[in-house]
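Chemist: Numbering-wise (the numbering used here), the sequence shown opens with residue 764 and increments by one.
Don't be surprised by glycine CBs; every beta carbon is placed ideally from N, CA and C.
These numbers come from a predicted model, not from an experiment.
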Amino acid sequence: MITLRQFSYKPESIPMSTSWYLADLGETRGRQELFTRQAPQKLKVLREHALIESAVSSNRIEGVAVDQARIHTIVFGKSHLRDRDEEEVRGYRNGLNLIHESTKLLISEDTIRRLHKLVKGDIWDAGQYKDKDGDIIEKYPDGTSRVRFKTVSPDLTPTYMLKLLDLWNQCLNEKWVHPLIAMAAFNLDFLCIHPFRDGNGRVSRLLFLLQCYSLGYEVGRYISIERIIEQTK
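1. If we ignore side chains and look at the alpha-carbon of each, how far apart do residue 961 and residue 804 end up?
2. Roughly how many whole angstroms lie between the Cα atoms of residue 780 and residue 975?
3. Taking residue 848 and residue 819 to be in contact with their CB atoms under 8 Å, please state how far apart those CB atoms are, rounded to whole angstroms.
4. Measuring alpha carbon to alpha carbon, tell me which of 797, 988, 963 and 967 ends up nearest residue 897.
5. Using the Cα positions of residue 978 and residue 942, report the straight-line distance between them to the nearest angstrom.
6. From residue 997 to residue 995, what does the alpha carbon distance come to, in whole angstroms?
7. What residue range is occupied by the uninterrupted alpha helix (DSSP H) comprising residue 765?
8. Is residue 816 buried or exposed, if buried means 16 or more other CB atoms sit within 10 Å of its CB?
9. Give the C-beta separation of residue 981 and residue 795 to the nearest angstrom, bearing in mind that I take them to be a contact with Cβ-Cβ under 8 Å.
10. May I ask you to report which of helix, strand or coil DSSP gives residue 960?
11. I need the straight-line Cα distance from residue 868 to residue 973, nearest angstrom please.
12. Could you check how far apart the C-beta atoms of residue 1014 and residue 984 are, in whole angstroms? I think they sit under 8 Å.
13. Could you name the residues of the same chain whose beta carbon sits closer than 8 Å to that of residue 859, not counting the 5 residues immediately before and after it, in chain order?
14. Could you pull the start and end residues of the alpha helix (DSSP H) that residue 807 belongs to?
15. Report all residues from its chain with a CB closer than 7 Å to the CB of residue 951; omit the five preceding and five following residues, and keep chain order.
16. Excluding the five sequence neighbours on either side, which residues of its own chain have a C-beta within less than 7 Å of the C-beta of residue 888, listed in chain order?
Below you can see the structure in the form of structure tokens.
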């Protein structure tokens, strides 16, 4: 949680180019309502396309792939699913639906657990913090391995999550840094904590989208942010 917390110590200098981008985003946010009034039918098509791309891309980042011919059925249908990969794509869609349809959804521990439960579906620990170490292990062709990144231990995870959420609220209330920069820092810290056994990346991307909406940036409804992340990672 060092990233978000460090903004409380002293004002951070922002590169000029970043300031320009933030200003452009703020200006665009101010024109969103105009766009929604001018082309509602076009936006409906964009929403459906973004929903598909987001559900597929966010899972593909994690190595989950499904038959392209079944994507529309998986995302929009209610039919029986063939395998676990299809269940995970639909689970992410369920998370997206919750965010899109809940106008007062808070960035809270309950919301984070709820999103994880939707994403992971019927597995035994859906919505529950990890009970074993979740260190990121790098394996080599010769059979050796090393700990690439050590995450927060299971016994400390609940404490760290509550502290992260407290820092997020403090950062916004006390205006430590621009909210969009705070949002990126929050997601980095969330991934460093790695609170769940599996599904942390997908939950982080859903949180990113929810935070965008809570800050008034609606672009994720019409353009898949997950697709952009997949293309640039």
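Modeler: Straight from the coordinates:
1. Approximately 38 Å, taken between the alpha carbons.
2. 21 Å
3. With a Cβ gap of about 11 Å, residue 848 and residue 819 do not count as contacting.
4. 963
5. 8 Å
6. Given a span of 764 to 996 for the chain in the structure shown, any question on residue 997 remains unanswerable.
7. 765-768
8. Counting the other CB atoms within 10 Å of its CB gives residue 816 a total of 16 or more, which places it among the buried residues.
9. Yes, they are in contact, since the Cβ atoms of residue 981 and residue 795 sit about 5 Å apart, within 8 Å.
10. coil
11. Near 8 Å, if we compare the C-alpha coordinates of residue 973 and residue 868.
12. Residue numbering for the chain in the displayed model covers 764 to 996; residue 1014 lies beyond these limits and cannot be assessed.
13. 814, 817, 818, 969 and 972
14. 803-823
15. 766
16. 960
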